[in-house]
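Residues are numbered in my numbering as their position in the sequence shown, beginning at 1, plus a constant of 1034. Glycine is no exception: its CB is placed at the ideal position from the N, C-alpha and C atoms. Note that the structure is a prediction, hence the values are computed from the model and not measured. Below is one structure, written out as structure tokens; the observations come after it.
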Amino acid sequence: MRIVVTNDDGIHSPGLTALAKALSKLGEVWVVAPDRERTAAAHAVTLHKPLRVQQLGARMYAVSGTPVDCVNLAVLKILPAPPDLLVSGINRGVNLGDDVLYSGTVSAAMEGTILGIPSMAVSQEGQEHFYFDAGARYAVRIARLIMKEGLPDETLVNLNIPNRPFTSITGVRVTCLSRRRFHNPIIEKVDPRGRTYYWIAGTRVSWSRSKDADHEALEQGAVSLTPIHLDTTNHAVLDRFRTWETVRRPGARQVTAAVKPKGKKKG
Ligand code: MN
């Protein structure tokens, strides 16, 4: 079995090292990761400059691009054949709720899913000290289940690990994405030359859309497992929007009013 490991914290991140080491129990691990930190790169692709790939060791490659670049290069170029599994992480810090829209970690797993590879993103709570060994052990457990049972169509797994020793983690909860926004998100300061600058920061505020929110699992010391679907269409409201189709119906007043009378050319 062939496994791609990537991340958005850069190839030298200890979270990636712990993850790659733990997953090597399951198969042949190929590390293809950004050569520097690319946190919050989301789903960016590098289109306007060359990508360089540097081999750092056996099946270990640093890429001068984003996490999504890494996944494409790994799957379509570097590996001798498509991988059986792709795991992104372990990220330094959670990716809960709205975080998944900004996260390079989650986007890498999303890109794996787009390419048809069973994929999982793994992130761990915390800021300074991380129990990555605990996170890696849970990543392996869930990776085993993914290989055994497969994933539904267009679905990736978003795993978030509480930052505590393995033995004090209270289990795995299946969760939904919460809302996660920032309070006072833009800080304004003045630089040493007297010019104003801005810093996107602020304090995080989370709240639940429904029961089983992802942040609640972590607050209870459990691993949060959210299945994420690529199709973000709001299927429940399609009928409500179908009434808007009238703006394009031939003969409808809104359209004919904008059409110029035949035969009269401008000028
Ligand atoms: Mn990161």
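**Request:** From the DSSP output, in three-state form, read off VAL1038 for me.
**Result:** Three-state DSSP puts VAL1038 in a strand.
**Request:** Closer than 5 Å is what we want: which residues have a beta carbon that near any heavy atom of the ligand MN? List them in chain order.
**Result:** Going by the Cβ distance cut-off, the answer is ASP1042, ASP1043, THR1073 and ASN1125.
**Request:** Let me know if LEU1272 comes out buried or exposed under the rule of 16 or more other beta-carbons within 10 Å of its beta-carbon.
**Result:** LEU1272 comes out exposed.
**Message:** Tell me the rounded alpha-carbon separation between ALA1005 and GLY1228.
**Reply:** With the chain represented from 1035 up to 1301, any question about residue 1005 goes unanswered, as that position is not in the structure.
**Message:** My output table needs one value for HIS1269: the three-state DSSP class, helix, strand or coil.
**Reply:** HIS1269: helix per DSSP, three-state reduction.
**Item:** Beta-bridge pairing of ASN1129 - partner residues as DSSP gives them
**Value:** Bridge partners of ASN1129 according to DSSP: none are assigned.
**Message:** Residues in the same chain with beta-carbon distance under 8 Å from GLY1160, minus the five sequence neighbours each way, listed in chain order, please.
**Reply:** Around GLY1160, the same chain offers ARG1126, GLY1127 and ASN1197 as residues with beta carbons nearer than 8 Å, after the five sequence neighbours per side are excluded.
**Asked** Would you call the CB atoms of ALA1173 and ALA1056 closer than 8 Å?
**Response** Yes, Cβ-Cβ distance for ALA1173 and ALA1056 is below 8 Å.
**Message:** As an exercise, report each continuous alpha helix (DSSP H) stretch of at least 4 residues that is fully enclosed by the segment 1192-1245, in chain order.
**Reply:** Listed in chain order, nothing qualifies, since the segment 1192-1245 has no complete alpha helix (DSSP H) run of 4 or more residues.
**Whole-number beta carbon distance between ASP1043 and VAL1307, since they are thought to touch under 8 Å** = The structure shown has nothing for residue 1307, since the chain only spans 1035 to 1301.
**Request:** Would you mind giving the Cβ-Cβ distance between ARG1072 and THR1100, rounded to the nearest angstrom? I have them listed as a contact below 8 Å.
**Result:** Rounded, the Cβ-Cβ distance is 5 Å, consistent with contact.
**Nonlocal neighbours in the same chain, by C-beta distance under 6 Å from GLN1088, ignoring five residues either side** = Contacts found: ALA1096.
**Message:** For GLU1279, list the residues DSSP reports as bridge partners.
**Reply:** GLU1279 is not bridged to any residue.
**Item:** Sequence-distant residues of the same chain with beta carbon closer than 6 Å to ASN1218, five excluded per side
**Value:** For ASN1218, where only same-chain residues beyond five positions count, the Cβ hits under 6 Å are GLY1236.
**Item:** Bridge-paired residues (DSSP) for GLU1062
**Value:** In the DSSP output, where bridge partners are listed per residue, GLU1062 has ARG1036.
**Cβ pair count under 8 Å reaching 3, the segment 1045-1054 against the segment 1109-1124** = Because the criterion of three Cβ pairs below 8 Å is met, the segment 1045-1054 and the segment 1109-1124 touch.
**Item:** Bridge-paired residues (DSSP) for TYR1165
**Value:** The beta-bridge partner set that DSSP reports for TYR1165 is empty.
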